[in-house]
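Colleague: Please see the structure below; I have some questions.
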């Protein structure tokens, strides 16, 4: 399996320094191993700390139960409609994303002026537990989520979708998609556990890329 | 990160070309991209059907019609 790697930079929060990393155009066994050996224990530890601090469970990350090995296996053999990316830095997996470009009817544009056009659907996206502010006041690296969304926009452009993206957001991420990504919030979707559906237009995609990976 | 692509010539009737052009306008995609999307969907459906699943269309009244794949 050949993997294309491109150079990226992440902000190391503690030192304030830009640290060089890589964006890979596939999730490989190496990332799945990192997820199992590093993310899963770190997530368990983080949730334990939230429990001890009596943090309300609405602030817990539901992805503590996601199984990336299972999710990748489900799409790897399926079709070429799925693609994945990961962010690597310090020899560790910092973020993962799976995208669907199949154009299935339930995964087409919903905003009125682009209704039923094809988009790239973000099936799953997650950043490493040590980069998440719900676990750490000072996350290790900033900008991982933004880089993954930028990769998704570029993939959407490659597919001819002009940067159009769609996704269902977990409650803790709503503000990231609405404010940092500038996506349209189309409200709760009863067909998807009431999760809010967000969609990005070509204009919003260009604006996001032009802004760079900044808040 | 674009993958390398191969070129092929596609022979279509007038009616098929008209349908392709209409879809290209409706979907805001190039004709090549319409064909690529059609292939993805066709492959996805075939894989699900090969696994023994069925394909249905559902109308507003929730009545279902099974789609027969050739």
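Residue numbers (the numbering used here), protein chains in the order written: chain L, -17 to 197; chain R, 8 to 77. Positions of the beta carbon are idealized from the N, C-alpha and C atoms, including for glycine.
From the DSSP output, in three-state form, read off residue 169 (chain L) for me.
Modeller: In the structure shown, residue 169 (chain L) sits in a strand (DSSP, three-state: E or B).
Colleague: Excluding sequence positions up to five away, which residues of its chain have a Cβ less than 7 Å from the Cβ of residue 135 (chain L)?
Modeller: 145, 147, 187, 190 and 191.
Colleague: So which residues on chain R does residue 62 (chain L) lean against when the C-beta distance must stay under 9 Å?
Modeller: Ordered by position in chain R, the residues that pass the 9 Å Cβ test against residue 62 (chain L) are 46, 47 and 50.
Colleague: Do we get a CB-CB distance below 8 Å when we pair residue 66 (chain R) with the residues of chain L?
Modeller: Cβ-Cβ to chain L under 8 Å: no for residue 66 (chain R).
Colleague: Would you call the segment -7 to 9 of chain L and the segment 52 to 70 of chain L touching, i.e. three or more CB-CB distances under 8 Å?
Modeller: Touching, yes.
Colleague: Residue 75 (chain L) by DSSP, collapsed to three states: which one?
Modeller: DSSP places residue 75 (chain L) in strand when its eight states are reduced to three.
Colleague: Check whether chain L comes within 8 Å of residue 36 (chain R), counting only Cβ atoms and requiring the distance to be less than that.
Modeller: Closer than 8 Å: yes.
Colleague: Relative to the alpha-carbon of residue -9 (chain L), which residue among L:151, L:126, L:131 and L:139 has its alpha-carbon at the smallest distance?
Modeller: Selected option, being the one with the closest Cα: L:126.
Colleague: Strictly under 8 Å for the Cβ-Cβ distance: is residue 99 (chain L) near chain R by that measure?
Modeller: So, interface residue.
Colleague: How many whole angstroms separate the CB atoms of residue 263 (chain L) and residue 84 (chain L), which I take to be in contact at a CB cut-off of 8 Å?
Modeller: In the structure as shown, chain L starts at -17 and stops at 197, and residue 263 (chain L) therefore has no counterpart that could be examined.
Colleague: Strictly below 7 Å CB to CB, what residues from chain R border residue 157 (chain L)?
Modeller: The premise fails here: residue 157 (chain L) is roughly 29 Å from chain R at the closest Cβ pair, so nothing lies under 7 Å.
Colleague: Look up residue 62 (chain L) in the DSSP assignment and say whether it is helix, strand or coil.
Modeller: The answer is coil: DSSP assigns residue 62 (chain L) none of H, G, I, E or B.
Colleague: Alpha carbon to alpha carbon, how far is residue 120 (chain L) from residue 175 (chain L)?
Modeller: About 31 Å.
Colleague: Check each candidate in L:149, L:-16 and L:140 and name the one with the smallest Cα separation from residue 104 (chain L).
Modeller: Nearest of L:149, L:-16 and L:140 to residue 104 (chain L), Cα basis: L:149.
Colleague: Using DSSP with H/G/I as helix, E/B as strand and the rest coil, what is residue 6 (chain L)?
Modeller: Note: residue 6 (chain L) maps to strand in three-state DSSP.
Colleague: Looking only at its chain, what residues have a beta carbon closer than 7 Å to the beta carbon of residue 82 (chain L), apart from the 5 residues adjacent to it on each side?
Modeller: Hits under 7 Å: 63, 64, 89, 103 and 105.
Colleague: Does DSSP put residue 55 (chain L) in a helix, a strand or coil?
Modeller: Residue 55 (chain L): helix per DSSP, three-state reduction.
Colleague: Give the DSSP-derived three-state secondary structure of residue 116 (chain L) in the structure shown.
Modeller: Coil, per DSSP.
Colleague: Going by DSSP, what residue range makes up the alpha helix (DSSP H) through residue 108 (chain L)?
Modeller: No alpha helix (DSSP H) contains residue 108 (chain L), which is instead part of the beta strand (DSSP E) from 102 to 109.
Colleague: Tell me the residue span of the alpha helix (DSSP H) that contains residue 188 (chain L).
Modeller: Taken as a continuous stretch (DSSP letters only), the alpha helix (DSSP H) holding residue 188 (chain L) covers 184 to 193.
Colleague: Answer with yes or no whether the minimum CB distance from residue 233 (chain L) to chain R is below 8 Å.
Modeller: Any question about residue 233 (chain L) goes unanswered here, given that chain L covers just -17 to 197.
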